[in-house]
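**Q** According to UniProt numbering, the sequence shown is numbered sequentially starting from 1.
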Amino acid sequence: MKTAVLFAGQGSQTVGMGKDLYDNYEEFRRVFDLLTPEEQQIAWNGPEEQLSDTAYTQPILLAFGAGVYEILHKDGWTPDLGAGLSLGEYTALTAAQVLTPKDGVELVRFRAEEMKKAAAGIRPEMVAIMGLDADRVKECCLRAGESEGVSGVAEITNLNCPGQIIVSGEAGAVQRAAELAQEMGARRCMKLNVSGPFHTSYMKPAGDALRERFGHVDWNEPVFTLMYNFIGDEKSEGDAIPELLVNQVSNGVKMEAIIRNMLATGVERIVEIGPGSTLAGFVRKIDRKAECISISSCEDVEKVRALLKEEA
């Protein structure tokens, strides 16, 4: 059976995440112990506001996802394909052994710091626009930026699944884009929590800092095929992974394209690793018949281990 793994991104974090896994699996502990004691305590005990601070969220989610993957990999499972949502792309790179777990955790700590710096002084907002296609949402964003009395820009930051497009940027521009979308017939515009204008052109300084930092990292060839946020597919021979990550931080995430391309290759089962089941929801909206299993607890891990053993 052809399988794929998807790693969750920011927004999936929950207080208490990983405690049961830490207490029960040595493979998980080895990775989660790359976090500082403070990061571990915030993951397990909160407060939620601190856990949602990108400086904590990014290393915690990477360690969680990479730790769960190590449990399954020890049992002999290696997926055929992998990807992750935003931050989750770094978790996928760690699982595929492009990065060591230590380098992965350190890189996303640095990424979080640079993203916070790039967001300084900007009043961010994010909305999910339902019921319009990408071309019309893009038109709303362009018109919003040109509107009288509006400063800053709004840009498409996530193409997650059919009928749902995420727009982020400066609050005034995003609000105006949402108004224009409703005038065009959007079914709904829902405000989302966000701590910065991530995956927009405001993040270009963070991308520049990452490019310099990446020059000091050892990059290995992936042990399974990866699909990348910036292009929504496998990389071509001329694409360099570090440059794809530089572009990722300031451009929209093409998750719908990734999922569609995975299924088009003949993937029969997708395993989502991370708190919650957001990515599984995207998969089902793209193909209701697709099999997708979400893993966020010991119980989930044991169910998947039993399934893999049965199919071995």
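For every residue, glycine included, the Cβ atom is placed at its ideal position computed from N, Cα and C.
Values in this document were obtained by computation on a predicted structure and should not be read as measured data.
Between residue 167 and residue 189, what straight-line distance do the alpha-carbon atoms span, to the nearest angstrom?
**A** Rounded to the nearest whole angstrom, the CA to CA distance from residue 167 to residue 189 is 10 Å.
**Q** Beta-carbon separation of residue 258 and residue 286 under 8 Å?
**A** No, the pair does not count as a contact, with Cβ atoms beyond the cut-off.
**Q** So within the region 82-137, which uninterrupted beta strand (DSSP E) runs reach at least 3 residues, ignoring any that extend past its ends?
**A** 124-130
**Q** Find out if the Cβ-Cβ distance for the pair residue 6, residue 96 is shorter than 8 Å.
**A** Contact flag unset, no.
**Q** CB residue 153 to CB residue 172, shorter than 8 Å?
**A** no
**Q** Does the beta-carbon of residue 316 have 16 or more other beta-carbons within 10 angstroms, so that it is buried, or is it exposed?
**A** What the structure shows of the chain is the stretch from 1 to 312, and residue 316 is not part of that stretch, so it cannot be assessed.
**Q** From this set, 66, 207 and 17, which residue's C-alpha is nearest residue 51's C-alpha?
**A** 17
**Q** Exposed or buried, which one is residue 151 when buried takes at least 16 other CB atoms within 10 Å?
**A** exposed
**Q** Which whole-angstrom value is the C-beta distance of residue 72 and residue 304, which I expect to be below 8 Å?
**A** 6 Å
**Q** With DSSP as the reference, please indicate the residues paired to residue 233 in a beta bridge.
**A** 228
**Q** Using only the alpha-carbon positions, how far apart do residue 224 and residue 123 sit?
**A** 40 Å
**Q** Residue 312 lies in the alpha helix (DSSP H); which residues open and close that run?
**A** Taken as a continuous stretch (DSSP letters only), residue 312 belongs to no alpha helix (DSSP H), as it is neither H nor E.
**Q** Compare the C-alpha of residue 147 against each of 22, 121, 164 and 175 and name the closest.
**A** 175
**Q** What's the call for residue 203, buried or exposed, on a 16-neighbour Cβ count within 10 Å?
**A** buried
**Q** So for residue 32, helix, strand or coil by DSSP?
**A** helix
**Q** With a threshold of 7 Å on Cβ separation, who are the neighbours of residue 102 within its own chain once the five nearest residues in sequence on each side are excluded?
**A** 34
**Q** Alpha carbon to alpha carbon, what distance is there between residue 213 and residue 251?
**A** 19 Å
**Q** Give the DSSP-derived three-state secondary structure of residue 190 in the structure shown.
**A** strand
**Q** State buried or exposed for residue 30, treating a residue as buried only when at least 16 other CB atoms are found within 10 Å of its CB.
**A** exposed
**Q** Once you ignore the five residues that flank residue 77 on each side, which residues in its own chain have a CB closer than 6 Å to its CB?
**A** 308
**Q** Are there three or more Cβ pairs, one per stretch, closer than 8 Å when the region 291-300 is compared with the region 267-275?
**A** The region 291-300 makes contact with the region 267-275: 3 or more CB pairs, one atom from each, lie closer than 8 Å.
**Q** Within a Cβ cutoff of 7 Å, which residues of the same chain sit near residue 108, ignoring the five residues on either side of it in sequence?
**A** 58, 59, 62, 87 and 90
**Q** Take residue 159 as the anchor and find which of 255, 75, 112 and 220 has the nearest alpha-carbon.
**A** Comparing Cα positions, the closest option is 255.
**Q** Is the separation between the beta-carbon of residue 206 and that of residue 114 shorter than 8 Å?
**A** yes
**Q** What are the boundary residues of the beta strand (DSSP E) that includes residue 164?
**A** Run containing residue 164: 164-170, per the beta strand (DSSP E) assignment.
**Q** Taking C-alpha atoms, which residue in 273, 281 and 4 lies nearest to residue 69?
**A** 273
**Q** For residue 154, which residues does DSSP report across the bridge?
**A** In the DSSP output, where bridge partners are listed per residue, residue 154 has 169.
**Q** Please classify residue 79 as buried or exposed, where buried requires at least 16 neighbouring CB atoms within 10 angstroms.
**A** buried
**Q** Between the Cα of residue 42 and the Cα atoms of 221, 19, 197 and 74, which residue gives the shortest distance?
**A** Closest by alpha carbon: 19.
**Q** Let me check understanding here. Comparing Cα to Cα, which of 93, 185 and 288 lies closest to residue 221?
**A** 93
**Q** CA-CA distance, residue 278 and residue 264?
**A** 21 Å
**Q** According to DSSP, is residue 223 part of a helix, a strand, or is it coil?
**A** coil
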